[in-house]
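Peer 1:
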Amino acid sequence: MAETSPGPRARRWVPPLVAIVLILAAWQLFTVLSGIDRWLLPSPADIVAAGGADRESLAGHTLATVRLTLLGFSAGVAIGLLVAVVLHVVPVLRAAVYPLLVVSQNIPTIALAPLLVVWLGFGVLPKVIVIVLVCFFPVAVATLDGLARTDPVTTNYLRMSGANRRQLFAKLEFPNALPAVFSGLKIAATYSVFGAIISEWLGSEQGIGRYMIIQKSAFRADRMFVSIAIVVLISLLIFGTVVLLERILVRGRPRRDAHE
Amino acid sequence: MADPGVTPMSSEPAVALEVDGVHKSFRRGQETLPVLVDISLRVENGEFVSIVGPSGGGKSTLFHIVGGLLAADRGTVRVGGQDVAGRRGLIGYMPQQPALLPWRTIENNVVLAREITGEPRRRSRALAREWLAKAGLDGFASAYPHTLSGGMQQRVAFLRALLSDHELLLLDEPFSALDAILRVDMHRWLLDIWEENRRSILFITHNVEEALLLSSTVYVFTGRPATVLERVEVPFARPRPDEVVDDPEFVRLKRRLTHLLKHDPRQAR
Ligand SMILES: Nc1ncnc2c1ncn2[C@@H]1O[C@H](COP(=O)(O)OP(=O)(O)OP(=O)(O)O)[C@@H](O)[C@H]1O
Ligand SMILES: [Mg+2]
Numbered sequence: 016m017a018e019t020s021p022g023p024r025a026r027r028w029v030p031p032l033v034a035i036v037l038i039l040a041a042w043q044l045f046t047v048l049s050g051i052d053r054w055l056l057p058s059p060a061d062i063v064a065a066g067g068a069d070r071e072s073l074a075g076h077t078l079a080t081v082r083l084t085l086l087g088f089s090a091g092v093a094i095g096l097l098v099a100v101v102l103h104v105v106p107v108l109r110a111a112v113y114p115l116l117v118v119s120q121n122i123p124t125i126a127l128a129p130l131l132v133v134w135l136g137f138g139v140l141p142k143v144i145v146i147v148l149v150c151f152f153p154v155a156v157a158t159l160d161g162l163a164r165t166d167p168v169t170t171n172y173l174r175m176s177g178a179n180r181r182q183l184f185a186k187l188e189f190p191n192a193l194p195a196v197f198s199g200l201k202i203a204a205t206y207s208v209f210g211a212i213i214s215e216w217l218g219s220e221q222g223i224g225r226y227m228i229i230q231k232s233a234f235r236a237d238r239m240f241v242s243i244a245i246v247v248l249i250s251l252l253i254f255g256t257v258v259l260l261e262r263i264l265v266r267g268r269p270r271r272d273a274h275e
Numbered sequence: 004m005a006d007p008g009v010t011p012m013s014s015e016p017a018v019a020l021e022v023d024g025v026h027k028s029f030r031r032g033q034e035t036l037p038v039l040v041d042i043s044l045r046v047e048n049g050e051f052v053s054i055v056g057p058s059g060g061g062k063s064t065l066f067h068i069v070g071g072l073l074a075a076d077r078g079t080v081r082v083g084g085q086d087v088a089g090r091r092g093l094i095g096y097m098p099q100q101p102a103l104l105p106w107r108t109i110e111n112n113v114v115l116a117r118e119i120t121g122e123p124r125r126r127s128r129a130l131a132r133e134w135l136a137k138a139g140l141d142g143f144a145s146a147y148p149h150t151l152s153g154g155m156q157q158r159v160a161f162l163r164a165l166l167s168d169h170e171l172l173l174l175d176e177p178f179s180a181l182d183a184i185l186r187v188d189m190h191r192w193l194l195d196i197w198e199e200n201r202r203s204i205l206f207i208t209h210n211v212e213e214a215l216l217l218s219s220t221v222y223v224f225t226g227r228p229a230t231v232l233e234r235v236e237v238p239f240a241r242p243r244p245d246e247v248v249d250d251p252e253f254v255r256l257k258r259r260l261t262h263l264l265k266h267d268p269r270q271a272r
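Residue numbers (this note's numbering), protein chains in the order written: chain A, 16 to 275; chain B, 4 to 272.
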């Protein structure tokens, strides 16, 4: 088994890729052999063809969704980090608000989307707010947990060496919280795409969510599959960026043991 | 915390550390747990002083008070002539656990204490590398702490304390994670460094021989609540050769201290 093998990264990527190819092949074969109606279950080849045929309109919708997602994601993450840091630095606030934050994680924030549309209309703002809401909670809670999980011996060391509050935060608490922050960011990355699609379903002129609604009314299963594939790609892209950043910024500890 | 008046200039105080009648208790719910009772000790400038005492007695707690982390219930602590009373950043400190930052490379850990006092990281790096080499850690400057053994991590924590620009170093069992042979090497190494620089050192250990070998004064503490059972002057000239451990006087002192620790009248056994 231990022959000259590709790098560990390649070894990890190959099996799932093979699995995907096999699933697509089986799907293609099934549609051909079973003769199932195309409008019910299109084959992968049909889907690719449908996507290619509609690429101009799709590009516009995709761009709109990506823009909306990134806007909401960055705003949600920024607010989540800021709130977490403020709560951490002011323990009285933390004691009051943290339990509420944890409980509110169990509320599907996305269910607030229709209400926001009623209040704020169909513009960009309610959609961004939905995404901010779904991203805010996981980031804030994970960051707060990470900031609280600082080793007391190291904290004592830094304080005895004369570190002030700002140094304690910058040199110890924040870097120590980074792995936790990133686990929050990964959740937020996935949620932000959900948030974007759902708020587009509720009413918009542009975006993949809007495109899906149109194709659903037209019973175009092939185009619905195309939009699902695009949603998955957007999701993977944002998630992948977060993972890449994590690789760069989180250094020097044995991977996944000290945290989570 | 950056106090420009901290570094002693012309009127250098003769006493690096003066602990005078310090008491400390912890609260545990309704009860109070007395930990330090009337502790007095001093470290002259450039002196190497050790504290030996049973585990759980309160030695680390005394360090936390000297470092300004805890306030004494009674008594005073003066570092370089200044009353500590909750002031931090006056000492170089090596905690009982290495407490390295796992996301920093070894050299960036070594410069941490200097960084806190405002020295930019870049300017301390050369110094860090020089000392890492002297500590036998040449190849590890850009390694991360989790790739080092416990003993190597202790050496890094020691360097971090040493490179801090404070006259007084508090070392809390710096060599507890080392095997007997490496321990002897580290004693030699520490003594060489100390003889070169003559910093004032207060050193906690369980090891009587280690205390006698390194220090000029040894304070023997009782178990909890800790009091000073005895203050012992160690008469051997420096630099001390390795053979000093075979000196009859050394053997006698060692036996005496061991006896004191074993037969502490207040220690419940
Ligand atoms: N922050 C604290 N709150 C309550 N009790 C404490 C605290 N710190 C220490 N203690 C208690 O004080 C006693 C002395 O602890 P300390 O760490 O000073 O002992 P020590 O002499 O350093 O022991 P060792 O040699 O094992 O390191 C112990 O019983 C410990 O449980
Ligand atoms: Mg201790």
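Backbone N, C-alpha and C define an ideal beta-carbon position, used for all residues, glycine too.
Taking CB distances under 8 Å as the criterion, tell me whether A/Arg180 reaches chain B.
Peer 2: Answer no: the Cβ-Cβ gap between A/Arg180 and chain B never drops below 8 Å.
Peer 1: Would a C-beta distance cut-off of 8 Å place B/Val187 and B/Val55 closer than the cut-off?
Peer 2: Going by C-beta atoms, B/Val187 is not nearer than 8 Å to B/Val55.
Peer 1: By the 10 Å Cβ neighbour count, where 16 or more other Cβ atoms means buried, how is B/Asp245 classified, buried or exposed?
Peer 2: So B/Asp245 ends up on the exposed side.
Peer 1: Excluding the 5 residues preceding and the 5 following A/Ala244 in the sequence, name in chain order all residues of the same chain whose CB lies nearer than 8 Å to its CB.
Peer 2: The answer, listed in chain order, is Ile62, Gly66.
Peer 1: For A/Leu259, which residues from the same chain have a beta carbon less than 8 Å from its beta carbon, with the 5 sequence-adjacent residues on both sides left out?
Peer 2: Answer for A/Leu259: no residue qualifies.
Peer 1: Identify the contact partners of A/Leu187 in chain B, using a Cβ-Cβ distance below 8 Å as the criterion.
Peer 2: Here the neighbours are Leu104.
Peer 1: Can you list the residues of chain B that A/Asp166 reaches, using a CB-CB cut of under 8 Å?
Peer 2: Per Cβ cutoff of 8 Å: Ala102.
Peer 1: At a cut of 8 Å, does the stretch 209-229 of chain B reach the stretch 40-48 of chain B through at least three beta carbon pairs?
Peer 2: Yes: the two stretches touch, three or more of their Cβ pairs being nearer than 8 Å.
Peer 1: Would the beta-carbon of B/Pro63 be found less than 7 Å away from any heavy atom of ligand 2?
Peer 2: For the record, residue 63 of chain B in the displayed sequence is Ser; it is not Pro. B/Ser63: yes, Cβ under 7 Å from ligand 2.
Peer 1: Run through the stretch 209-257 of chain A for me and flag every whole alpha helix (DSSP H) of 4 or more residues, listed as ranges in chain order.
Peer 2: The stretch 209-257 of chain A contains these whole alpha helix (DSSP H) runs: 223-232.
Peer 1: Can we count B/Tyr141 as close to ligand 2, meaning its CB is less than 7 Å from some heavy atom?
Peer 2: Note that residue 141 of chain B is Asp in the sequence shown, not Tyr. The answer is no for B/Asp141.
Peer 1: Check each candidate in B/His209, B/Phe253, B/Glu110 and name the one with the smallest Cα separation from B/Leu61.
Peer 2: Checking the displayed sequence, the identity of residue 61 of chain B turns out to be Gly instead of Leu. The candidate whose alpha carbon is nearest that of B/Gly61 is B/His209.
Peer 1: Can you give, in chain order, each stretch of the alpha helix (DSSP H) that sits fully within the stretch 92-119 of chain A and has at least 4 residues?
Peer 2: DSSP runs (the alpha helix (DSSP H)) wholly in the stretch 92-119 of chain A: 106-119.
Peer 1: Can you pull the chain A neighbours of B/Glu72, defined as C-beta to C-beta under 8 Å?
Peer 2: The sequence given here places Leu at residue 72 of chain B; Glu does not occur at that position. The contacting residues are Asn171, Arg174, Met175.
Peer 1: Is any non-hydrogen atom of ligand 1 found closer than 7 Å to the C-beta of B/Gly59, if you look at the structure I gave you?
Peer 2: Under cutoff, so the answer is yes.
Peer 1: Grouping DSSP H, G and I as helix and E and B as strand, with all else coil, what is B/Val9?
Peer 2: Low per-residue confidence applies at B/Val9: pLDDT is 47, beneath 50, and the placement is therefore not dependable, though the value from the model is reported in the following sentence. Reduced to three states, the DSSP call for B/Val9 is coil.
Peer 1: Return yes when the C-beta of A/Leu115 is under 7 Å from any heavy atom of ligand 1, and no when it is not.
Peer 2: A/Leu115: no, Cβ never under 7 Å from ligand 1.
Peer 1: Work out the CA separation of B/Arg91 and B/Ala19 for me, nearest whole Å.
Peer 2: Distance between the alpha carbons of B/Ala19 and B/Arg91: 15 Å.
Peer 1: Going along chain B, which residues have a C-beta under 7 Å from A/Gly255?
Peer 2: By Cβ distance, chain B contributes nothing, its closest Cβ being about 22 Å from A/Gly255, past 7 Å.
Peer 1: Can you find a heavy atom of ligand 3 that lies under 7 Å from the Cβ of B/Gln157?
Peer 2: Summarising the ligand content, the structure contains ligand 1 and ligand 2 and does not contain ligand 3.
Peer 1: When the cut-off is 8 Å and only beta carbons count, does B/Pro238 lie next to chain A?
Peer 2: Chain A contact via Cβ: absent.
Peer 1: Kindly indicate if chain B contains any beta-carbon less than 8 Å away from that of A/Arg82.
Peer 2: False, the Cβ-Cβ gap to chain B never drops below 8 Å.
Peer 1: Less than 7 Å between C-beta atoms, sequence neighbours within five positions excluded: which residues of the same chain meet that for A/Ala90?
Peer 2: Taken in chain order, the residues that qualify are Val143, Val147.
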